[in-house]
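*Asks:*
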Amino acid sequence: MTIDPSKISTSITPFAMIDTHSAFPQEQEILFTMHSVFRIVEITQTPSNSRLWEVQLTITDESDPQLSTLTNRIKEEISGRGWYRMGQFMLKVGHFDQAEELYNELLKGASDD
Numbered sequence: 034m035t036i037d038p039s040k041i042s043t044s045i046t047p048f049a050m051i052d053t054h055s056a057f058p059q060e061q062e063i064l065f066t067m068h069s070v071f072r073i074v075e076i077t078q079t080p081s082n083s084r085l086w087e088v089q090l091t092i093t094d095e096s097d098p099q100l101s102t103l104t105n106r107i108k109e110e111i112s113g114r115g116w117y118r119m120g121q122f123m124l125k126v127g128h129f130d131q132a133e134e135l136y137n138e139l140l141k142g143a144s145d146d
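In the working numbering, the protein residues as written are 34 to 146.
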């Protein structure tokens, strides 16, 4: 994984090194925020195990022009807010069962109000 500090917004901290707080001190642990976004750089199959793949990631943030373009395009194509928008996105990408499940949960919550 690659983290270039010059490409990270100073207004947020997308990760924290937590190895000193870990239950396993020999491990190097990093905790990422929920909104962290990564770009896939390369995917390679490991030579020692054909069922294992190694993924090289680079962290990015809201200042990434490609991410901004993609986010704006999704907002243009999918109306609504919050969970309703997520349901619209699921429908758009063909995840009909998950969209139905989400909308059913939203309906249950609406009847409780």
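The C-beta atom is built at its ideal place from N, Cα and C for all residues, glycine as well. For clarity, every value in this text was computed on a predicted model and none was experimentally measured.
For Gly115, count neighbouring Cβ atoms within 10 angstroms of its own Cβ and tell me buried if that reaches 16, exposed if not.
*Replies:* Position 82 of the sequence shown, counting from 1, holds the residue named residue 115. Per the 10 Å Cβ criterion, exposed.
*Asks:* Of all the CB atoms in chain C, is at least one closer than 8 Å to the CB of Ile92?
*Replies:* Looking for chain C here will not work: only one protein chain is present.
*Asks:* Quick check: the Cα distance between Phe2 and Leu90, rounded to an integer number of angstroms?
*Replies:* It is not possible to answer for residue 2, since the shown part of the chain is limited to 34 through 146.
*Asks:* Run through the DSSP bridge pairs and tell me what Glu87 is partnered with.
*Replies:* Here residue 87 refers to the residue found at position 54 when the sequence shown is read from its first residue. For Glu87, which the question treats as bridged, DSSP gives the partners Thr77.
*Asks:* I'd like to know if the stretch 120–138 and the stretch 97–104 are in contact, where contact means that at least 3 CB-CB pairs between them fall below 8 Å.
*Replies:* The stretch 120–138, when compared against the stretch 97–104, does not touch it at the 8 Å Cβ threshold.
*Asks:* By Cβ distance below 6 Å, which residues in the same chain neighbour Glu62 in space, the five residues on each side in sequence not counted?
*Replies:* Here residue 62 refers to the residue found at position 29 when the sequence shown is read from its first residue. Correct list, in chain order: Ile51, Asp52 and Ser55.
*Asks:* Considering only C-alpha positions, which residue in the set Asp97, Phe65 and Phe57 is nearest to Pro47?
*Replies:* In the sequence shown, residue 47 corresponds to position 14, counting from 1. For the residues Asp97, Phe65 and Phe57, the minimum Cα distance to Pro47 belongs to Phe65.
*Asks:* Go through its chain and collect everything with a Cβ distance to Tyr136's Cβ below 8 Å, but skip five positions before and after it.
*Replies:* One-based indexing of the sequence shown puts residue 136 at position 103. Excluding positions up to five away in sequence, the list reads Gly120.
*Asks:* Measuring only the C-alpha atoms, how far is Pro98 from Val74?
*Replies:* Here residue 98 refers to the residue found at position 65 of the sequence shown. Here residue 74 refers to the residue found at position 41 of the sequence shown. One C-alpha to the other measures close to 16 Å.
*Asks:* Kindly indicate the opening and closing residues of the alpha helix (DSSP H) around Met119.
*Replies:* Here residue 119 refers to the residue found at position 86 of the sequence shown. Start and end: Gly115 to Lys125.
*Asks:* For Asp94 and Ser112, what's the separation of their Cα atoms in angstroms?
*Replies:* Locating residue 94 in the sequence shown gives position 61, where the first residue counts as 1. Locating residue 112 in the sequence shown gives position 79, where the first residue counts as 1. Taking the straight line joining both Cα atoms gives about 23 Å.
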